[in-house]
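Enquirer: Shown below is the structure under consideration.
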Amino acid sequence: MNQTVYPNCHGLRGAITVPGDKSISHRAVMFGAIAEGVTTIEGFLPSEDCLRTVACFRALGVEIVEDGCHLRVVGKGFAGLTEPMEVLDVGNSGTTLRLLLGILAGRPFHATLVGDASIARRPMARVTRPLKEMGATIDGRKDGQYAPLALRGRQLTAHTYASPVASAQVKSALLFAGLQAEGTTTVSEPYVSRDHTEQMLNAFGVELQRNDSHVSISGGQALQAQSINVPGDISSAAFFLVAATLVPNSEVILNNVGVNPTRAGVLNVLKEIGGEWTLKDEQLLGGEPRGNIHVRHAAQLKPFHISGEQIPTLIDEIPVLAVLATQIEGTSVICDAAELKVKETNRIATVISELTKLGARIEETEDGMIIYGGTRLHGGIVQSHGDHRLAMALAVAALIAKEEVMIEDSEAVDVSYPSFFTHLSRLSSR
Ligand code: S3P
Numbered sequence: 001m002n003q004t005v006y007p008n009c010h011g012l013r014g015a016i017t018v019p020g021d022k023s024i025s026h027r028a029v030m031f032g033a034i035a036e037g038v039t040t041i042e043g044f045l046p047s048e049d050c051l052r053t054v055a056c057f058r059a060l061g062v063e064i065v066e067d068g069c070h071l072r073v074v075g076k077g078f079a080g081l082t083e084p085m086e087v088l089d090v091g092n093s094g095t096t097l098r099l100l101l102g103i104l105a106g107r108p109f110h111a112t113l114v115g116d117a118s119i120a121r122r123p124m125a126r127v128t129r130p131l132k133e134m135g136a137t138i139d140g141r142k143d144g145q146y147a148p149l150a151l152r153g154r155q156l157t158a159h160t161y162a163s164p165v166a167s168a169q170v171k172s173a174l175l176f177a178g179l180q181a182e183g184t185t186t187v188s189e190p191y192v193s194r195d196h197t198e199q200m201l202n203a204f205g206v207e208l209q210r211n212d213s214h215v216s217i218s219g220g221q222a223l224q225a226q227s228i229n230v231p232g233d234i235s236s237a238a239f240f241l242v243a244a245t246l247v248p249n250s251e252v253i254l255n256n257v258g259v260n261p262t263r264a265g266v267l268n269v270l271k272e273i274g275g276e277w278t279l280k281d282e283q284l285l286g287g288e289p290r291g292n293i294h295v296r297h298a299a300q301l302k303p304f305h306i307s308g309e310q311i312p313t314l315i316d317e318i319p320v321l322a323v324l325a326t327q328i329e330g331t332s333v334i335c336d337a338a339e340l341k342v343k344e345t346n347r348i349a350t351v352i353s354e355l356t357k358l359g360a361r362i363e364e365t366e367d368g369m370i371i372y373g374g375t376r377l378h379g380g381i382v383q384s385h386g387d388h389r390l391a392m393a394l395a396v397a398a399l400i401a402k403e404e405v406m407i408e409d410s411e412a413v414d415v416s417y418p419s420f421f422t423h424l425s426r427l428s429s430r
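Just so you know, the sequence shown maps onto residues 1 to 430 in UniProt numbering.
Quick look at the structure:
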């Protein structure tokens with residue numbers, strides 16, 4: 001499908017509630033499945049990625065009643081998972097695959113995990129290697145580095161693992177494995193990545209120790225079913241935060257957005273460069289803060305430089321931050337972000353190739369990009385490359401371009417934000 005987005009010259013106005021957080025929705029299903037009792041989930045994100053997680057757990061014998069954003073998961077503990085009769089297909093979802101590997105590593109059965117062409121290119125050794133060191137048997141393409149993967153779970157032994165990358169998927173997979181291992185498992189990472197797994201472990205009654213970027217968990221702890229309320233996804237809200245900041249005369253309210261500090265880097269960057277947003281009606285539920293964000297157009301923005309520990313807090317927002325930087329007078333720099341190369345696409349390459357088609361001036365570096373801003377973008381035809389966040393970032397670029405932009409393969413948005421274009425047209429209509 002192709003979607004044409006027209007320049008907006010009158011402003012984005014109104015209020016929307018962005019859909020549920022993708023990371024938390026996946027975890028809510030997984031935690032419900034391994035807990036004992038009935039977990040209810042409100043605000044679940046019924047997008048392609050999260051529905052893959054639901055389908056995988058059904059194939060593992062878990063009863064899940066799904067009604068849009070409301071889910072009921074009947075958990076019977078880790079022992080309630082049964083050997084799947086079919087291949088587990090994670091589609092485009094790296095979170096489903098990596099976290100599932102951690103859960104299945106300790107189960108005494110066989111499973112085969114596959115995904116789409118993007119998944120088959122993404123590195124899995126970062127998870128399979130430490131899980132094998134804990135005792136699981138895992139094989140796959142290129143010596144077990146890439147999907148499809150075949151796994152046989154075993155009784156695991158605890159591990160102390162220093163992850164070379166700041167990745168919540170790696171950390172979470174090892175915490176799930178650690179819960180099933182004998183002894184105490186410790187995972188550390190170079191910078192703190194999103195901590196939704198740690199928050200949810202606490203909410204389900206599991207004890208863990210956290211110290212800077214180290215997390216330790218003792219095996220054998222049981223999880224008790226909970227009621228989970230999923231906040232809106234800040235990674236989805238980010239498209240409208242940036243769009244409202246850039247389009248003159250905009251004033252938008254984004255309701256019930258999750259603002260967990262390990263995810264809120266985009267808000268910090270906007271504040272530092274002169275963006276105009278405020279957070280109202282803040283609440284904390286299940287360890288996850290959320291609130292209503294009021295954002296309006298900001299005329300004077302300063303270029304930004306993002307690096308190091310900031311990167312994991314805004315890694316998924318970099319495509320739309322690159323669009324923002326094209327509009328700011330001066331040079332913005334993104335570094336220490338080599339992880340972008342192993343996302344749904346190589347986002348350094350795809351962001352640069354597509355924004356360049358609209359006239360942006362961006363230079364690729366080894367671990368990020370340099371954006372020469374203050375460029376008036378023009379219209380054109382661009383490609384999503386099947387990457388949901390790239391498709392939405394390009395739609396934001398279209399709003400501030402001189403002519404319309406046609407986005408090819410725009411259906412990629414269904415991975416995380418199926419109602420994106422509906423919300424965009426609602427905010428764009430006068
Ligand atoms: C996610 C973690 C991040 C993020 C992804 C979702 C998660 O990936 O980019 O969209 O839910 O744990 P990494 O763990 O690979 O950094």
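Ideal placement from N, C-alpha and C gives every residue a C-beta, glycine not left out.
Who pairs with proline 289 in a beta bridge, going by DSSP?
Expert: On the sequence shown, residue 289 is found 289 positions in, with the first residue counted as 1. The partner list for proline 289 (beta bridge, DSSP) reads Leu284.
Enquirer: Output the boundary residues of the beta strand (DSSP E) element that contains leucine 208.
Expert: Locating residue 208 in the sequence shown gives position 208, where the first residue counts as 1. Leucine 208 -> beta strand (DSSP E) spans 208 to 211.
Enquirer: Tell me the DSSP secondary structure of aspartate 233 in three-state form.
Expert: For the purposes of this step, residue 233 is identified with residue 233 of the sequence shown, where counting begins at 1. DSSP places aspartate 233 in coil when its eight states are reduced to three.
Enquirer: Rounded C-beta distance between glutamate 36 and glycine 77? I'm assuming under 8 Å.
Expert: Indexing the sequence shown from 1 puts residue 36 at position 36. Indexing the sequence shown from 1 puts residue 77 at position 77. About 5 Å; that satisfies the 8 Å criterion.
Enquirer: Any heavy atom of the ligand S3P closer than 6 Å to the CB of serine 23?
Expert: Within the sequence shown, numbered from 1, the residue matching residue 23 stands at position 23. Flag set: Cβ of serine 23 near the ligand S3P.
Enquirer: Is the beta carbon of valine 351 sitting closer than 7 Å to the one on histidine 388?
Expert: Taking the first residue of the sequence shown as position 1, residue 351 is located at position 351. Taking the first residue of the sequence shown as position 1, residue 388 is located at position 388. Not in contact: valine 351 and histidine 388 (Cβ atoms no closer than 7 Å).
Enquirer: Which of the three DSSP states, helix, strand or coil, is assigned to glutamine 327?
Expert: Translated into the one-based positions of the sequence shown, residue 327 becomes position 327. Reduced to three states, the DSSP call for glutamine 327 is coil.
Enquirer: So glycine 368 and isoleucine 334 are supposed to be a Cβ contact under 8 Å. How far apart are they, rounded?
Expert: Taking the first residue of the sequence shown as 1, we reach residue 368 at position 368. Taking the first residue of the sequence shown as 1, we reach residue 334 at position 334. Contact holds; Cβ gap of about 4 Å.
Enquirer: Going by DSSP in three states, threonine 345 sits in which element: helix, strand or coil?
Expert: The residue labelled residue 345 in the question sits at position 345 within the sequence shown. Three-state DSSP puts threonine 345 in coil, outside helix and strand.
Enquirer: What number of angstroms, rounded off, separates the C-alpha of glycine 14 from the C-alpha of arginine 426?
Expert: As a first step, residue 14 is located in the sequence shown; it is residue number 14 there, counting from the start. As a first step, residue 426 is located in the sequence shown; it is residue number 426 there, counting from the start. Using only the alpha carbons, I get a separation of about 8 Å.
Enquirer: Can you tell me which of the three DSSP states arginine 126 falls into?
Expert: Counted from its first residue, the sequence shown places residue 126 at position 126. Arginine 126: helix per DSSP, three-state reduction.
Enquirer: Among the residues of its own chain, which have a CB less than 8 Å from the CB of alanine 237, if the five just before and after it don't count?
Expert: Walking along the sequence shown from the start, residue 237 turns up at place 237. Once the five neighbours on either side are set aside, the close Cβ partners of alanine 237 are Val18, Leu254, Val257, Ile293.
Enquirer: Rank Gln180, Ile16, Leu179, Val187 by C-alpha distance to the C-alpha of alanine 168 and give the top, closest one.
Expert: Working through the sequence shown from its first residue, we reach residue 168 at position 168. Nearest of Gln180, Ile16, Leu179, Val187 to alanine 168, Cα basis: Val187.
Enquirer: Using the C-alpha atoms, what's the distance from isoleucine 370 back to histidine 305?
Expert: Indexing the sequence shown from 1 puts residue 305 at position 305. Indexing the sequence shown from 1 puts residue 370 at position 370. Distance between the alpha carbons of histidine 305 and isoleucine 370 is about 9 Å.
Enquirer: Helix, strand or coil for glutamate 83? Go by DSSP, reduced to three states.
Expert: To locate residue 83, count along the sequence shown from 1; it is residue 83. Of the three classes helix, strand and coil, the one that applies to glutamate 83 here is coil, per DSSP.
Enquirer: Give me the residue from Arg361, Leu60, Ala322 with the minimum Cα distance to arginine 347.
Expert: Numbered from its first residue, the sequence shown carries residue 347 at position 347. The residue with the shortest Cα to Cα distance from arginine 347 is Ala322.
Enquirer: Using a Cβ distance threshold of 8 Å, determine whether the stretch 325 to 340 contacts the stretch 276 to 287, with at least three qualifying pairs required.
Expert: Too few Cβ pairs lie closer than 8 Å, so no.
Enquirer: Is serine 167 near the ligand S3P - that is, is its Cβ less than 6 Å away from at least one heavy atom of it?
Expert: In the sequence shown, counting from the first residue as 1, residue 167 sits at position 167. Yes, since a heavy atom of the ligand S3P falls inside the 6 Å radius drawn around the Cβ of serine 167.
Enquirer: What is the residue span of the beta strand (DSSP E) that alanine 15 lies within?
Expert: Position 15 of the sequence shown, counted from the first residue, corresponds to residue 15. 13 to 17 is the span of the beta strand (DSSP E), which, as asked, contains alanine 15.
Enquirer: Going by beta-carbon coordinates alone, are alanine 28 and isoleucine 228 separated by less than 7 Å?
Expert: Working through the sequence shown from its first residue, we reach residue 28 at position 28. Working through the sequence shown from its first residue, we reach residue 228 at position 228. Yes, Cβ-Cβ distance for alanine 28 and isoleucine 228 is below 7 Å.
Enquirer: Does DSSP put isoleucine 400 in a helix, in a strand, or in coil?
Expert: Position 400 of the sequence shown, counted from the first residue, corresponds to residue 400. Residue state, collapsed to three classes: coil.
Enquirer: Looking at isoleucine 315 and the ligand S3P, is the gap between the Cβ and the nearest heavy atom below 6 Å?
Expert: In the sequence shown, residue 315 corresponds to position 315, counting from 1. At least one heavy atom of the ligand S3P is nearer than 6 Å to the Cβ of isoleucine 315, so yes.
Enquirer: Looking only at its own chain, which residues have a Cβ that is under 6 Å from the Cβ of phenylalanine 239, when we skip the five neighbours before and after it?
Expert: By 1-based counting over the sequence shown, the position of residue 239 is 239. Once the five neighbours on either side are set aside, the close Cβ partners of phenylalanine 239 are Val320, Met392, Val396.
Enquirer: If alanine 147 sits next to valine 114, beta carbons under 8 Å apart, how far is it from one beta carbon to the other, in whole angstroms?
Expert: Position 147 of the sequence shown, counted from the start, is the residue given in the question as residue 147. Position 114 of the sequence shown, counted from the start, is the residue given in the question as residue 114. Rounded, the Cβ-Cβ distance is 6 Å, consistent with contact.
Enquirer: Is leucine 88 closer than 7 Å to alanine 105 when the C-beta atoms are compared?
Expert: Locating residue 105 in the sequence shown gives position 105, where the first residue counts as 1. Locating residue 88 in the sequence shown gives position 88, where the first residue counts as 1. In this structure, leucine 88 does not lie closer than 7 Å to alanine 105 by Cβ.
Enquirer: For arginine 263, which of helix, strand or coil comes out of DSSP?
Expert: Against the sequence shown, residue 263 aligns to sequence position 263. Coil at arginine 263, not helix or strand.
Enquirer: Report the rounded CA-to-CA distance for valine 74 versus glutamate 86, giving the unit in angstroms.
Expert: Taking the first residue of the sequence shown as position 1, residue 74 is located at position 74. Taking the first residue of the sequence shown as position 1, residue 86 is located at position 86. The straight-line gap from Cα to Cα measures roughly 21 Å.
Enquirer: For the putative contact between leucine 12 and alanine 244, defined by C-beta atoms under 8 Å, what is the C-beta separation to the nearest angstrom?
Expert: Residue 12 sits at position 12 when you count from the first residue of the sequence shown. Residue 244 sits at position 244 when you count from the first residue of the sequence shown. Leucine 12 to alanine 244, Cβ: 5 Å. Contact.
Enquirer: In its own chain, which residues sit with a C-beta less than 6 Å from the C-beta of threonine 112, not counting the 5 before and 5 after it?
Expert: Here residue 112 refers to the residue found at position 112 of the sequence shown. Val87, Ala150.
Enquirer: Using a Cβ-Cβ cut-off of 8 Å (strictly less than) and excluding sequence neighbours within five positions of threonine 184, which residues of its own chain qualify?
Expert: Stepping through the sequence shown from its first residue, residue 184 is reached at position 184. Only Ala158, Gly178, Ser216, Ile217, Ser218, Gly219 meet the Cβ criterion.
Enquirer: Just to check, is the beta-carbon of threonine 95 closer than 6 Å to a non-hydrogen atom of the ligand S3P?
Expert: Within the sequence shown, numbered from 1, the residue matching residue 95 stands at position 95. Correct: threonine 95 has its Cβ closer than 6 Å to the ligand S3P.
Enquirer: Less than 7 Å separating the beta-carbons of glutamate 189 and serine 172?
Expert: The sequence position of residue 189 within the sequence shown is 189, counting from 1. The sequence position of residue 172 within the sequence shown is 172, counting from 1. Not in contact: glutamate 189 and serine 172 (Cβ atoms no closer than 7 Å).
Enquirer: Within a Cβ cutoff of 7 Å, which residues of the same chain sit near phenylalanine 176, ignoring the five residues on either side of it in sequence?
Expert: As a working note, residue 176 is residue 176 in the sequence shown. Closer than 7 Å at Cβ, skipping near neighbours: Leu99, Gly102, Ile103.
Enquirer: Where does leucine 223 sit, in a helix, a strand or coil, going by DSSP?
Expert: As a working note, residue 223 is residue 223 in the sequence shown. Correct three-state label for leucine 223: coil.
Enquirer: Just tell me which of Thr375, Leu355, Glu344 has its CA closest to the CA of aspartate 116.
Expert: Working through the sequence shown from its first residue, we reach residue 116 at position 116. Measuring from the Cα of aspartate 116, the nearest candidate turns out to be Glu344.
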